[in-house]
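First comes the structure, then the notes that go with it.
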């Protein structure tokens, strides 16, 4: 069974400061890992994904994440926070078995607040 | 390219009633997955449909059922509604074909269901 743990349900940063959102996963097979962002009253938008290629993944809006197998982590970072980054962020894992039969297992989410 | 659409946007039902939620997949996608997102939680996988057949199911009771049509649109049906069914229901479409977006799920805006 797969699982995702997001450390910190709420992270608050100042505008311009480093953003670090933590994600640890558990998977019995090589995982595919994803970060999604959700703005209020909206669906999920993909920020970036790891699919066993480069371990440092760059996504949209200046976000990036590094896959560390030894630490079973996939933390999301952004060098300088912007007010528009305030949203809920979800880390998700799939078993990467490919084909049509896979599901996403999500963490509980981290609410990012950006202070002016 | 048309994205994933869901209808209705909001819905209010009473306990014991039945509800049908609808999803149109992104053009070219033949797989639809449904997720339930309770308030303050991450999305939870309900089931997935691939070429009109159920292709994986999460830990949800049989009163949650679905359909996929030849045009790959999908319905989620919930019978005997309970108060705990109140949630945002998200639909995601994907394609098992190879390519840059392999294994990537594209989410719709969701349907907010309130059960009174």
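Protein chains in written order, with the working numbering: chain S, 136 to 251; chain X, 25 to 140. The beta carbon of each residue, even a glycine, is placed where N, CA and C say it ideally should be.
Inspect the beta-carbon positions of residue i and residue j and report whether they are closer than 7 Å.
{"i": "residue 119 of chain X", "j": "residue 53 of chain X", "result": "yes"}
{"i": "residue 61 of chain X", "j": "residue 137 of chain X", "result": "no"}
{"i": "residue 146 of chain S", "j": "residue 245 of chain S", "result": "yes"}
{"i": "residue 241 of chain S", "j": "residue 67 of chain X", "result": "yes"}
{"i": "residue 59 of chain X", "j": "residue 69 of chain X", "result": "yes"}
{"i": "residue 50 of chain X", "j": "residue 130 of chain X", "result": "yes"}
{"i": "residue 186 of chain S", "j": "residue 160 of chain S", "result": "no"}
{"i": "residue 41 of chain X", "j": "residue 105 of chain X", "result": "yes"}
{"i": "residue 164 of chain S", "j": "residue 226 of chain S", "result": "no"}
{"i": "residue 243 of chain S", "j": "residue 141 of chain S", "result": "yes"}
{"i": "residue 215 of chain S", "j": "residue 151 of chain S", "result": "yes"}
{"i": "residue 183 of chain S", "j": "residue 171 of chain S", "result": "no"}
{"i": "residue 139 of chain X", "j": "residue 110 of chain X", "result": "yes"}
Between residue i and the rest of its own chain, which residues show a CB-CB distance below 7 Å, the 5 nearest in sequence each way excluded?
{"i": "residue 235 of chain S", "result": "For residue 235 of chain S, the pLDDT reaches just 46, beneath the cut-off of 50, and the residue's location in the model is therefore unreliable, although a value from the coordinates is still provided. Correct list: empty, nothing qualifies."}
{"i": "residue 143 of chain S", "result": "157 and 245"}
{"i": "residue 26 of chain X", "result": "50 and 51"}
{"i": "residue 201 of chain S", "result": "190, 191 and 210"}
{"i": "residue 32 of chain X", "result": "135"}
Could you check if residue i is buried or exposed, using at least 16 other CB atoms within 10 Å of its CB as the buried criterion?
{"i": "residue 191 of chain S", "result": "exposed"}
{"i": "residue 86 of chain X", "result": "exposed"}
{"i": "residue 108 of chain X", "result": "exposed"}
{"i": "residue 55 of chain X", "result": "buried"}
{"i": "residue 223 of chain S", "result": "buried"}
{"i": "residue 116 of chain X", "result": "buried"}
{"i": "residue 193 of chain S", "result": "exposed"}
{"i": "residue 93 of chain X", "result": "exposed"}
Going along chain X in order, which residues have a C-beta closer than 7 Å to the C-beta of residue i?
{"i": "residue 244 of chain S", "result": "66"}
{"i": "residue 239 of chain S", "result": "69 and 129"}
Leaving out five residues before and five after residue i in sequence, what residues of the same chain have Cβ atoms less than 6 Å from its Cβ?
{"i": "residue 149 of chain S", "result": "250"}
{"i": "residue 45 of chain X", "result": "100, 113 and 135"}
{"i": "residue 178 of chain S", "result": "none"}
{"i": "residue 74 of chain X", "result": "55"}
{"i": "residue 37 of chain X", "result": "43, 105 and 139"}
{"i": "residue 229 of chain S", "result": "167, 237 and 239"}
What does residue i touch in chain S if you count any residue whose Cβ is under 8 Å from its own?
{"i": "residue 114 of chain X", "result": "178 and 179"}
{"i": "residue 110 of chain X", "result": "In chain order: nothing, as chain S lies at least about 15 Å away."}
Going along the chain, which residues of its own chain have a beta-carbon closer than 8 Å to the beta-carbon of residue i, five neighbours each way excluded?
{"i": "residue 248 of chain S", "result": "145, 146, 147, 148 and 221"}
{"i": "residue 173 of chain S", "result": "179, 180, 222, 223, 224, 225 and 244"}
At a CB-CB cut-off below 9 Å, which residues of chain S make contact with residue i?
{"i": "residue 133 of chain X", "result": "176, 177 and 178"}
Using the beta-carbon of each residue, which ones in chain X are nearer than 8 Å to residue i?
{"i": "residue 193 of chain S", "result": "Simply none; closest approach about 14 Å."}
Which whole runs of the beta strand (DSSP E) in the region 60 to 87 of chain X are 3 residues long or more, in chain order?
-> Here the runs fully enclosed are 68 to 74 and 77 to 81.
What are the complete beta strand (DSSP E) segments, minimum 3 residues, inside the region 156 to 222 of chain S?
-> As far as the region 156 to 222 of chain S is concerned, its whole beta strand (DSSP E) runs of at least 3 residues are 159 to 161, 167 to 173, 179 to 185, 191 to 193, 199 to 203 and 208 to 213.
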